[in-house]
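Novice:
In full-length UniProt numbering, the protein residues as written are 1 to 368.
Rendered as structure tokens:
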């Protein structure tokens, strides 16, 4: 079974009911400060942290004095616009005393459905993490409609975990794990410590949302678990309303852990290799040697580009003798690749007339 102390890259989902007081609509400042201290503690031991934080609509609802009922789409979007800026500021002010830089990342379902936008999101978050920042991710409720929204942050958190290659995902909830039935209604309900496989019987035990502020329920948490564990990420459901919830989990608080099906990096590599290639990049001996050492593919090492591919499309990588070395997701279109191959990365802007990424295929988007 996974333990939080083993996490190398951690994604934590935080629901509205944990951040925002249901009665007053105000932030739970003591809880927020304790969570910030937990994040600092995890980062101090070398782990990366990404937070998927709800709360913008709940905060905006209170500020705009909207009634505690289901809101029309326009009012939800307005509440999100008002609340999001306050939510971002709250996380910034909570983490700044620990010397942690925060970054706001707003996404919609389209950002994962479109491979190009998915890769852009991944590259941005990887860069932020590389700078030591903590991305604060939320659905862009200001513009999202029912057709282009995740609908709950459990699913969003799982997708973020997959996107950044996290090895652990923690869903902070209003219950301390997954039960055989709703423990509030059935005193005989039993909590699972570990779930190795999500069977039809497990799915039948899931219920719907119970909180007035939350949209997710156990059904959405199981959906999140399927997404995360299928990509090699362990997932835990645990009680989040206590102060220092991550420290509590690390100290043995009740939780249900869903075990990963494989290593997250191996899962991503398998996904890339399973795609149908849209083109071919031929590389010289120097580039082939660099790839074998785990480096990214630079334009200067490519001698030929074939096919009709767009940004984010899979392409085969071959050596000068025509042997397939692997497959990767290109960060340039076929036309752009044709123009920059053989050039140093510092020359890309001069060749294309606009700034571009330094690599043709990043090592994280490559399977050899």
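Heads up, the beta-carbon is just placed ideally off N, CA and C, and yes, glycines get one too. Quantities reported herein were computed from a predicted structural model and do not represent experimental measurements.
Is DSSP giving residue 170 helix, strand or coil here?
Specialist: It is a strand residue.
Novice: Got a sec? Which residues, its chain only, sit under 8 Å from residue 249 by beta carbon, not counting five neighbours each side?
Specialist: The residues are 4, 170, 236, 238, 255.
Novice: Express the C-alpha separation of residue 159 and residue 224 in angstroms, rounding to a whole number.
Specialist: Computed Cα separation, rounded: 8 Å.
Novice: Kindly indicate the opening and closing residues of the beta strand (DSSP E) around residue 9.
Specialist: Residue 9 -> beta strand (DSSP E) spans 9-14.
Novice: Between the region 29-37 and the region 91-100, do three or more beta carbon pairs fall short of 8 Å?
Specialist: The answer is yes - the region 91-100 touches the region 29-37, with three or more Cβ pairs under 8 Å.
Novice: Give the DSSP-derived three-state secondary structure of residue 99 in the structure shown.
Specialist: In the structure shown, residue 99 sits in coil (DSSP, three-state: anything other than H, G, I, E or B).
Novice: Taking its Cβ as the centre, do 16 or more other Cβ atoms sit within 10 Å of residue 69, making it buried, or is it exposed?
Specialist: Under this definition residue 69 is an exposed residue.
Novice: DSSP has residue 238 in a bridge; who is on the other side?
Specialist: 172, 255.
Novice: When DSSP labels each residue in this structure, what does residue 371 get in the three-state scheme?
Specialist: Residue coverage of the chain in this structure runs from 1 to 368, which leaves residue 371 outside it and unanswerable.
Novice: Using 8 Å as the threshold, is the region 48-68 in touch with the region 129-140, meaning 3 or more CB pairs across them?
Specialist: Judged by Cβ distances under 8 Å, the region 48-68 makes contact with the region 129-140, as three or more pairs qualify.
Novice: With DSSP collapsed to three states, give me the class of residue 177.
Specialist: It is coil, neither helix nor strand.
Novice: Just curious, the alpha helix (DSSP H) that residue 306 is in, first and last residue?
Specialist: No alpha helix (DSSP H) holds residue 306; the beta strand (DSSP E) holding it covers 302-307.
Novice: Run the CB neighbour count on residue 58, radius 10 Å, all protein chains shown included, and call it buried at 16 or more, exposed below.
Specialist: Buried, since its Cβ has 16 or more Cβ neighbours within 10 Å.
Novice: Identify the continuous alpha helix (DSSP H) that holds residue 41 and give its terminal residues.
Specialist: Unbroken alpha helix (DSSP H) run through residue 41: 29-44.
Novice: Which runs of the alpha helix (DSSP H) fall wholly inside the region 59-84 and span at least 4 residues, in chain order?
Specialist: List check, alpha helix (DSSP H) in window: nothing returned.
Novice: Determine the closest residue to residue 121 out of 339, 87, 331, 28, with distance taken between C-alpha atoms.
Specialist: Looking at the Cα atoms, 331 is the closest of the given residues.
Novice: Exposed or buried, which one is residue 167 when buried takes at least 16 other CB atoms within 10 Å?
Specialist: Buried, because 16 or more other Cβ atoms sit within 10 Å of the Cβ of residue 167.
Novice: Mind reading off the beta-carbon distance from residue 81 to residue 61? Whole number of angstroms is fine, and I expect it under 8 Å.
Specialist: Not quite, the Cβ-Cβ distance comes to about 12 Å (not below 8 Å), so this is no contact.
Novice: I believe residue 333 touches residue 363 by the beta-carbon criterion, under 8 Å. Please report the beta-carbon distance rounded to the nearest angstrom.
Specialist: 20 Å between Cβ atoms; not a contact.
Novice: Give me the residue from 244, 194, 240, 124 with the minimum Cα distance to residue 229.
Specialist: The shortest Cα separation from residue 229 among 244, 194, 240, 124 belongs to 194.
Novice: Is the beta carbon of residue 13 closer than 8 Å to that of residue 157?
Specialist: Taking 8 Å as the Cβ cut-off, residue 157 and residue 13 qualify as a contacting pair.
Novice: With distances taken between CB atoms, is the gap from residue 83 to residue 63 smaller than 8 Å?
Specialist: Their beta carbons are under 8 Å apart, which means residue 83 touches residue 63 by this criterion.
Novice: Using the three-state DSSP reduction, which class does residue 385 fall into: helix, strand or coil?
Specialist: Because the chain in this structure spans residues 1 to 368, residue 385 falls outside the shown range and cannot be described.
Novice: Per DSSP, residue 48 is paired with what?
Specialist: 9.
Novice: Quick one, are the C-beta atoms of residue 234 and residue 258 less than 8 Å apart?
Specialist: Yes.
Novice: Buried or exposed, going by whether 16 or more other CB atoms sit within 10 Å of the CB of residue 45?
Specialist: Exposed, by the Cβ-count rule.
Novice: Are three or more beta carbon pairs between the region 311-331 and the region 272-292 nearer than 8 Å?
Specialist: At 8 Å Cβ cutoff, the stretches touch.
Novice: Candidates 244, 287, 16, 339: which alpha carbon is nearest residue 381's?
Specialist: The chain is shown only over 1 to 368; residue 381 falls outside these bounds and no answer can be derived.
Novice: Do you know offhand how far residue 301's Cα is from residue 287's?
Specialist: C-alpha separation (whole angstroms): 5 Å.
Novice: Using alpha carbons as the reference points, say which of 219, 351, 173 lies closest to residue 241.
Specialist: That would be 173, whose Cα lies nearest to the Cα of residue 241.
Novice: Below 8 Å between beta carbons: does that hold for residue 164 and residue 125?
Specialist: Taking 8 Å as the Cβ cut-off, residue 164 and residue 125 qualify as a contacting pair.
Novice: Given a threshold of 16 other Cβ atoms within 10 Å of its Cβ, counted over all protein chains shown, does residue 246 qualify as buried or as exposed?
Specialist: By the neighbour-count rule (16 or more Cβ atoms within 10 Å), residue 246 is buried.
Novice: From residue 253 to residue 39, what does the alpha carbon distance come to, in whole angstroms?
Specialist: So the two alpha carbons sit approximately 17 Å from each other.
Novice: Looking at C-alpha atoms only, which residue of 104, 251, 161 is the closest neighbour of residue 392?
Specialist: Residue 392 is absent from the model: the chain starts at 1 and stops at 368.
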